[in-house]
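For reference, the structure is listed below as structure tokens.
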Ligand code: NAD
Ligand code: IPM
Ligand code: MN
């Protein structure tokens, strides 16, 4: 029996609804498989926790998390009670950075039974490799002056190491897929960082002669995600560009509530963290109607990470079946609850 220890952080808002639903599914996966077991421990770190303890996570939180095979997180953020920059830097970004989860992988594909907002969606299946530790999300910058003269400065930091790491990850991934990498750039407008990004891309691609490449400016690329998503395979993007592209990826599937993600530690020193693309959705929290598919598909990505690929494939197949059967939450045109969707998936997994 293989045992995986997983740290669970439901976090805020609908994270507290979709994480239990996905855990129900994950434990059913183990039961059906017979040869694996998930030992889970839940941590209450969240904005509510902050109000009580003055911090988003315990001081030794990272030390505790370090010992797990993976972290499974819902969403962080409740701006009504804690400013986002406090909650996110105190928990989500802290884990991504400290655990050197420098790559964020985020797939999008046409799902049967889902109302894609595209008029005639072709069969797309793409993967965004988002640089996850630097770029436009660097900590360099600050605010100077006061009053009318106040200035906010944000420096985008692109290291050769970080840029190359994201690109090599994308090329290696493309070898296992359709063999094509698109670079998301903006070298026509962003003077320092993006020409550098292009140079690194041109250097790295020489090591992958069998992989086809293309380059698009991010503004055009965002449009192409809507007009012809079927033309993409792997897209490598900086932190902010990748963030924006992957919400579009969710939207063209039918809802950002479906889109999954993995924050991958590539040096083997720390656990990776799996969390969907969407946030805590305060506008629907408490109604029991959050779409659990993003969190469940995220569980599938965690299974892939563990090497349990077959079980992950089976899970995604069942998710598609359930969706096609019309058992779906309101964001994708149904009237089922979060719990009902997860229960139906569990039921069919056992059949
Ligand atoms: P959001 O993703 O939470 O919500 C955007 C829209 O999508 C909302 O209308 C919401 O109802 C809908 N939506 C999202 N997930 C859904 C689901 N599973 N099912 C059905 N509908 C869903 O983005 P936001 O409103 O910009 O942010 C809300 C909070 O979440 C903020 O505090 C933000 O910083 C945080 N956030 C956290 C993460 C994360 O933890 N990874 C990601 C994005 C946003
Ligand atoms: C995401 C989120 C985060 C990001 C925020 C909440 C900091 O939007 O995971 O996509 O921008 O990385
Ligand atoms: Mn985002």
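Residue numbers (our numbering): 1473 to 1823. Cβ coordinates follow ideal geometry from the N, Cα and C atoms, glycine included. Computed from a predicted structure; not experimentally measured.
Cβ shell of residue 1615 (< 6 Å), same chain only, five flanking positions each side left out = 1624
DSSP puts residue 1542 in a beta bridge; with which residues?
-> 1478, 1744
Going by C-alpha distance, which of 1610, 1657, 1546, 1647 is nearest residue 1705?
-> 1647
Beta-ladder partner(s) of residue 1616, from DSSP = 1623
Can you list, in chain order, the residues of its chain whose CB lies under 6 Å from that of residue 1757, leaving out five sequence neighbours each side?
-> 1485, 1486
Residue ranges of each beta strand (DSSP E) run of no fewer than 3 residues wholly in the segment 1517 to 1566, ordered along the chain?
-> 1542 to 1547
Which residue comes first and which comes last in the alpha helix (DSSP H) that contains residue 1492?
-> 1487 to 1505
Would you report the Cα separation of residue 1778 and residue 1620, rounded to the nearest angstrom?
-> 53 Å
Pair within 8 Å by beta-carbon distance, residue 1717 and residue 1697 = yes
CA nearest to the CA of residue 1749, picked from 1719, 1556, 1539, 1724 = 1719
Residue 1665 versus 1710, 1653, 1807, 1643, residue with shortest Cα-Cα distance | 1710
Check: residue 1565 C-beta below 7 Å from any heavy atom of ligand 2 = yes
What is the DSSP secondary structure of residue 1577, counted as helix, strand or coil?
-> strand
Can you give me the Cβ contacts of residue 1784 inside the same chain, cut-off strictly under 6 Å, excluding the 5 residues immediately before and after it?
-> 1772, 1775, 1776
Within 7 Å: the Cβ of residue 1717 and any heavy atom of ligand 2?
-> no
Anticipated Cβ contact below 8 Å, residue 1562 with residue 1482, distance rounded = Rounded, the Cβ-Cβ distance is 16 Å, inconsistent with contact.
Member of 1699, 1743, 1568 whose CA lies at the smallest distance from the CA of residue 1610 = 1568
Exposed or buried, what is residue 1740 when buried is set at 16 or more other beta-carbons lying within 10 Å of its beta-carbon?
-> exposed
Is the CB-CB distance between residue 1598 and residue 1701 below 8 Å?
-> yes
Who are residue 1734's beta bridge partners in DSSP?
-> 1577, 1746
Assign residue 1761 to one of two classes, buried (16 or more other C-beta atoms within 10 Å of its C-beta) or exposed (fewer than that).
-> buried
Could you give the distance in angstroms between the alpha-carbon of residue 1636 and the alpha-carbon of residue 1605?
-> 13 Å
When every heavy atom of ligand 1 is checked, does at least one fall within less than 7 Å of the C-beta of residue 1723?
-> no
Could you tell me if the beta carbon of residue 1560 falls within a distance shorter than 7 Å of some heavy atom in ligand 2?
-> yes
Just tell me which of 1752, 1672, 1588 has its CA closest to the CA of residue 1906.
-> The chain is shown only over 1473 to 1823; residue 1906 falls outside these bounds and no answer can be derived.
Three-way DSSP call (helix, strand, coil) for residue 1690 in this model | helix
Say the cut is 7 Å; is the CB of residue 1809 nearer than that to a heavy atom of ligand 1?
-> no
CA-to-CA distance, residue 1767 to residue 1500, given in whole angstroms = 15 Å
Is the segment 1649 to 1657 touching the segment 1666 to 1683 in the sense that three or more CB pairs, one from each, lie closer than 8 Å?
-> yes
Which runs of the alpha helix (DSSP H) fall wholly inside the segment 1651 to 1730 and span at least 4 residues, in chain order?
-> 1665 to 1677, 1690 to 1699, 1711 to 1725
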